[in-house]
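Colleague: From first to last, the protein sequence lines stand for chains A and B.
Letter by letter, the first sequence follows residues 18 to 320 in the working numbering.
Letter by letter, the second sequence follows residues 171 to 293 in the working numbering.
By construction, the Cβ of each residue, glycine as well, lies at the ideal position given by its N, Cα and C atoms.
Since this is a predicted model, take the numbers as computed values, not measurements.
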Amino acid sequence: MPTILVVDDLAADRILAGGLVKKIDEMTVIYAEHGKDALEQIELHLPDLVLTDLQMPEMNGLELVQAMRDDFPLIPAILMTAAGSEGIAVQALEQGAASYVPKKHLAAELHETVVRVLASSAEERSQTRLMYRMTETTFVLENDLELLSSLVSHLRQVLQQRRICDESDTIRVVTGLDEALLNAYYHGNLEVDSALKAENHNSFHELAEQRRTELPYRNRQISITARFSPAEAKFVIRDQGGGFNPDDLPDPTDPDFLERPSGRGLLLMRSFMDEVTFNDVGNQVTLVKRKTQVSNVDDEVPA
Amino acid sequence: MKAPDPFPFETSGNVLVVTLQQQLADMEQATVVSESQVLANRFSESAATACVIDFNQLEYFTSTLLEALLRLWNAVKAKGGHLALCNLSPVGHEIIKVAHFDRLWPVCKTREQALQAVLSRCE
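1. Residues in the stretch 185–196 of chain A with C-beta within 8 Å of chain B's C-beta atoms, listed in sequence order?
2. In terms of residues, what are the limits of the beta strand (DSSP E) holding Ile47/A?
3. What are the residues in the stretch 278–304 of chain A lying within 7 Å of chain B by C-beta distance?
4. Nearest by alpha-carbon distance to Ser204/B: which of Ser233/B, Val288/B, Ala238/B is it?
5. Can you tell me where the alpha helix (DSSP H) with His62/A in it begins and where it stops?
6. Whole angstroms is fine: what's the gap from Gly299/A's alpha carbon to Asp210/A's?
7. CB Arg307/A to CB Ala212/A, shorter than 8 Å?
8. Check the Cβ-Cβ distances between Thr98/A and every residue of chain B, and say whether any is below 8 Å.
9. Using the Cβ count rule (16 or more neighbours within 10 Å means buried), how would you classify Asp316/A?
10. Taking the alpha carbon of Ala28/A as the point to measure from, which residue in Glu60/A, Ile41/A, Thr69/A has its own alpha carbon closest?
11. Okay, do the stretch 120–134 of chain A and the stretch 29–37 of chain A touch, 3+ Cβ pairs below 8 Å being the bar?
12. Quickly, what does DSSP pair Thr242/A with across the bridge? List them, please.
13. Mind checking which residues open and close the alpha helix (DSSP H) that includes Pro260/B?
14. Measuring only the C-alpha atoms, how far is Val188/B from Asp224/B?
15. Does the Cβ of Asp227/B have 16 or more other Cβ atoms within 10 Å, making it buried, or fewer, making it exposed?
16. Mind pulling the chain A residues with CB within less than 8 Å of Ala245/B?
17. Measure the alpha-carbon distance for Asn211/B versus Val190/A and round it to whole angstroms.
18. Residues in the same chain with beta-carbon distance under 8 Å from Glu208/A, minus the five sequence neighbours each way, listed in chain order, please.
19. 8 Å is my cut-off, CB to CB: does Glu282/B come that close to chain A?
20. With DSSP as the reference, identify every bridge partner of Thr98/A, one or two as the case may be.
21. Between which two residues does the beta strand (DSSP E) containing Val302/A stretch?
22. Kindly list, in the order they appear in chain B, the residues whose Cβ is closer than 9 Å to that of Thr270/A.
23. Quick one: residues in its chain with C-beta nearer than 8 Å to the C-beta of Gln108/A, no 5 flanking neighbours on either side, listed in chain order?
24. Using a Cβ-Cβ cut-off of less than 9 Å, list which residues of the stretch 205–231 of chain A approach chain B; keep chain order.
25. Rounded to a whole number of angstroms, what is the C-alpha to C-alpha distance between Asn244/B and Ala84/A?
26. Once the 5 residues before and after Met286/A are set aside, which same chain residues still bring their CB inside 6 Å of it?
27. Which residues, in order along the stretch 190–213 of chain B, keep a beta-carbon less than 7 Å from a beta-carbon of chain A?
28. What does DSSP give as the partner residue(s) for His252/B in the beta ladder?
29. Which one of Ala220/B, Thr232/B, Gln199/B, Val246/B has the shortest CA to CA distance from Ala284/B?
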């Protein structure tokens, strides 16, 4: 039975909207008086949908939509718009609101809009439930930067769905992953030396492009295994190059090396992940990010 | 279709102001590298003596962009000029700090502050 949160500072409007929602088959309705109140109710009850007014004290509908996008991205929001608030409604839609219904048309349009938005978010929730049950996944990719970029986007989505960490930490993890994959691509599989950058930046990328089509480099692959548990996300990235010794790299923050064109990838990986370890050969790196407190929501696996 | 320019710029007096594009994260590494060299060349050939990089709240970026910044810095240094960064996202700011680039250049909240930072150093 879906739960709908109705948010409006005017009691009469709350009751009206709530009454219309209750007429839709098997809906449970809860209420909040403004955006801050709504966020508390969302944390407590995890409603399936939020129906919100725009103009409210404490936190208005636009601010609520923005907060929901960051903390509760899978819960859709429908705006109830009064005359003259169309501009803010457009902003809210751009910020991620699912739809809007003018207040003067609530009786005629609310039912259909709620049913439609719930149906489309149901698929997304189903995917989330599935992702939450994934404990391990492996990708084996050829030397293709576009594929690596797509993989990073995919893993970012999984991290968000699994709620391993908050949005800022997710971006940090994505940065670390990006660097690790670029290392595996350029220095691992294609064995292009960073020293080339000091001579000529274009030479570095030209050599990489050339080796992508030559043996033995062109057949090399990068494997990425991602393992998820309630406590952490672990990524094992392995290339098929000869490896290296990470201890041989100079410290890029040393004033003598600060303006060198290369050498910061490993630094960023180590700064943004909780653990970075290489195998003895140096062609496999394990990156670990431990779960941080995302919100006060119960950490149970979604049913 | 030509790829969009990752480093569009404008001039403000003798300052070249570069606004990084949101599509930077999806761009080919080689394109970012080659276009940064084009930008550095343009700076060298222009009358500009200072540069401001507006990060446009770019969510994050890789070490390739850090290298691109150094390439531009070399061109600015060759003229005895100054460079400042502005409008970084929280993680972007962190990346700059981790790399210790905040020791090389002022990191400002707004473009106006960055312009003021380079102009005051040029005086």
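Modeller: Reading off the structure:
1. Ser185, Ile188, Arg189, Val191, Thr192, Asp195, Glu196
2. 45–49
3. Pro278, Ser279, Arg281, Gly282, Leu284, Leu285, Ser288
4. Ala238/B
5. 52–62
6. 15 Å
7. no
8. no
9. The predicted model places Asp316/A with a pLDDT of 46, which falls under 50 and marks its position as unreliable; any figure quoted below should be read in that light. Burial call: exposed.
10. Thr69/A
11. yes
12. Thr155/A, Val253/A
13. 260–268
14. 6 Å
15. Residue 227/B is actually Gln in this sequence, not Asp. Looking at its Cβ environment, which holds fewer than 16 other Cβ atoms inside 10 Å, Gln227/B is exposed.
16. Here the premise fails: no neighbours, minimum Cβ distance about 13 Å.
17. 34 Å
18. Arg228, Tyr234, Gly258, Gly259
19. no
20. Pro119/A
21. 301–307
22. Val268, Ala269, His270, Arg273
23. Leu79
24. Lys214, His218, Asn219, Phe221, His222, Glu223, Ala225, Glu226
25. 42 Å
26. Gly193, Glu196, Ala197, Val293
27. Asp196, Glu198, Gln199, Ala200, Val203, Ser204, Gln207
28. Ala220/B
29. Ala220/B
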